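Visitor: Mapping of the sequence shown onto mature numbering (1 follows the signal peptide of the UniProt record, and there is no 0): residues -29 to -1, 1 to 351, in sequence order. The beta-carbon is built from N, C-alpha and C at its ideal position, and this holds for glycine as well. Keep in mind it's a predicted model, so treat the numbers as computed, not measured. First the structure, which I've put down as structure tokens, then a few questions once you've had a look.
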Amino acid sequence: MMAMSLRVRSVLLSMFAVLLMLGAPVAHAAPAPATAPAGFSTAQLVGPFASDVPPGGTYLPELDGFAALRAQRPDLMKQNLAKVVSVNNSATPAQQADAVAINYDDRIVSLSQALGTKVGTAFRQLLAAGKLPKVAQLVKGDTARAGIPLQTTLIEKQYYNNPRPFVVAPAQIKRYNRPGSDLYGDLAGNGSYPSGHSSQAFWQGALLAYWLPEAGPQILAQSGHIGLSRMVLGVHYPLDVMGGRIMGLTVASERLSDPAFARLVDAAGDQLREQLRTALGEPVARALADDPTVASTSQAVSNAQELMTFGFPRISPNQVNAIPAQAAALLRSRFPHLSDAARLDILRRTAIPAGYPLDQAGVNGGWVRIDLAAAYAVSG
């Protein structure tokens, strides 16, 4: 199985340059109007960057708490299926429609719903009009630079090869689809763990929160909501969604801890805030504060926390692990005057207890404990 994963990795790397050329503006393209915001050049995007390849070669080390659960805890695997069946079967028509829309929308578009009517609409209009080219190059679509070459969940899904809920229990899962589409047929042969939508929702959500820290809790709550939508459709288990959160936060931490890549992230954030300020005619913080469609910070934190453990018990209450040091980078824009040690302390203080399913002891553990919405909500 590992050999197969390595072959997949080789294929991804060989495709990398092609993907970049598809996703980035070519050098000989006609010059854009002088007033149009500029994107990154192909040379700026190519790198390579230290964060292109995770320290372990894949994200299996951070995700491998799943292997022991599958082998040793049939009770939890049964609960894993029962939870998704319950969520899927009890979904309201509005929840069904929302989940189908999220399935097909770009993740960054789905995340922007957290920004409310004023800022969210402005964000989507700017993105569609090509006025956020740096943001788009980093986070939009299958060739988003922050998500390639090895941040896609493809290797991890193939390695674990866990069948999806609607495949395991077809009689128990209701199918919600868009007319003329077959999302279940598209996913039937694709492994469930970890959830790719959830992973993207959390690494893109972490970057969007980094750019707009005023809405950090709301954005991270929306990341969790996107994960839940996969359970509404019956295409992912709660452990898949939790695994996606682990991988997504790891990806974002690695990108922000890589000085060269972090410079791209910061440049995209500057462009985003400048364009939003112009479009809104007021500071982003004021527009968010004046919008009743934006969830309160306390409600956002509560919503995010409800979607962290999905009712699973703590199975290793005596487990000891630490929040990974590189995760401190996630809070750099929220607490710019603090040291990494102080930011890491905030993540420790706001984390959920150790020992929930997928948590691990040692250097690869701690990711599932990070409550980034609560950390953003800490007074600065």
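Determine the direct distance from the alpha carbon of residue 279 to that of residue 37, and round the result to whole angstroms.
Guide: 16 Å
Visitor: Rounded to whole angstroms, what is the Cα-Cα separation between residue 195 and residue 290?
Guide: 25 Å
Visitor: Just the Cα atoms here: how many angstroms apart are residue 108 and residue 77?
Guide: For residue 108 and residue 77, the distance between alpha carbons rounds to 13 Å.
Visitor: How about residue 309 and residue 346: do their beta carbons lie closer than 8 Å?
Guide: no
Visitor: Measure from the alpha carbon of residue 166 to the alpha carbon of each residue in 32, 41, 197, then state which is nearest.
Guide: Of 32, 41, 197, the residue nearest in Cα terms is 197.
Visitor: Measuring alpha carbon to alpha carbon, tell me which residue in 51, 138, 189, 221 is nearest residue 121.
Guide: 221
Visitor: Can you tell me whether residue 2 is helix, strand or coil according to DSSP?
Guide: Because the pLDDT at residue 2 is just 49, under 50, the model does not fix this residue reliably, and the point stays unresolved.
Visitor: Count Cβ pairs between the segment 169 to 187 and the segment 304 to 318 that sit closer than 8 Å; are there 3 or more?
Guide: yes
Visitor: Between the segment 138 to 152 and the segment 57 to 69, can you find at least three pairs of beta-carbon atoms closer than 8 Å?
Guide: yes
Visitor: Just the C-alpha distance for residue 181 and residue 245, rounded to the nearest angstrom, thanks.
Guide: 15 Å
Visitor: Run the CB neighbour count on residue 264, radius 10 Å, all protein chains shown included, and call it buried at 16 or more, exposed below.
Guide: exposed
Visitor: Where does residue 92 fall in DSSP's three states?
Guide: helix
Visitor: On the premise that residue 34 lies in contact with residue 208, defined as a C-beta separation below 8 Å, what is that separation, rounded to the nearest angstrom?
Guide: Contact doesn't hold; Cβ gap of about 14 Å is too wide.
Visitor: If we call anything under 8 Å between Cβ atoms a contact, is residue 298 one with residue 224?
Guide: yes
Visitor: Straight-line CA distance for residue 317 to residue 173?
Guide: Distance between the alpha carbons of residue 317 and residue 173 is about 19 Å.
Visitor: Should residue 50 be labelled buried (16 or more other beta-carbon atoms within 10 Å of its own) or exposed?
Guide: The Cβ neighbour count for residue 50, taken over all protein chains shown within 10 Å, is at least 16; the residue is labelled buried.
Visitor: Among the candidates 314, 296, 321, whose CA atom is the shortest distance from the CA of residue 334?
Guide: The shortest Cα separation from residue 334 among 314, 296, 321 belongs to 296.
Visitor: Count the other C-beta atoms from every protein chain shown that fall within 10 angstroms of the C-beta of residue 193, then say buried if there are 16 or more, exposed otherwise.
Guide: buried
Visitor: Looking at the unbroken alpha helix (DSSP H) that takes in residue 128, where does it start and where does it end?
Guide: Taken as a continuous stretch (DSSP letters only), the alpha helix (DSSP H) holding residue 128 covers 125 to 131.
Visitor: If residue 343 and residue 158 are in contact, beta carbons under 8 Å, what's the gap, nearest whole angstrom?
Guide: About 28 Å; that fails the 8 Å criterion.
Visitor: Using CA atoms only, rank isn't needed, just tell me which of 321, 230, 283 is closest to residue 272.
Guide: That would be 321, whose Cα lies nearest to the Cα of residue 272.
Visitor: Would you kindly check if the distance between the Cβ of residue 281 and the Cβ of residue 54 is under 8 Å?
Guide: Taking 8 Å as the cut-off, the beta carbon of residue 54 is found closer than this to the beta carbon of residue 281.
Visitor: Buried or exposed: residue 216, going by 16 or more other Cβ atoms within 10 Å of its Cβ?
Guide: Around the beta carbon of residue 216, 16 or more other beta carbons lie within 10 angstroms, which makes this residue buried.
Visitor: Taking the alpha carbon of residue 315 as the point to measure from, which residue in 341, 269, 138, 326 has its own alpha carbon closest?
Guide: 341
Visitor: With 16 as the cutoff for other CB atoms within 10 Å, does residue 75 come out buried or exposed?
Guide: exposed
Visitor: With distances taken from CA atoms, which of 39, 152, 168, 42 is nearest residue 199?
Guide: 168
Visitor: In chain order, what residues of the same chain lie with their CB nearer than 6 Å to the CB of residue 352, ignoring the 5 residues before and after it?
Guide: What the structure shows of the chain is the stretch from -29 to 351, and residue 352 is not part of that stretch, so it cannot be assessed.
Visitor: Using a threshold of 8 Å, state whether the C-beta atoms of residue 20 and residue 231 are closer than that.
Guide: yes
Visitor: Taking a contact to mean a Cβ-Cβ separation below 8 Å, would you say residue 247 touches residue 90 in this structure?
Guide: yes
Visitor: Taking 8 Å as the limit between beta carbons, can you name the residues of its chain near residue 292, skipping five residues before and five after?
Guide: 325, 330, 331, 332, 333, 336, 337, 340
Visitor: Can you tell me whether residue 218 is helix, strand or coil according to DSSP?
Guide: Residue 218 falls in the helix class under three-state DSSP.
Visitor: Determine the extent of the alpha helix (DSSP H) in which residue 245 is found, giving its start and end residues.
Guide: 230 to 251
Visitor: So, for residue 348: in the same chain, excluding its five sequence neighbours on each side, which residues have a beta-carbon less than 6 Å away from its beta-carbon?
Guide: Once the five neighbours on either side are set aside, the close Cβ partners of residue 348 are 188, 268, 272.
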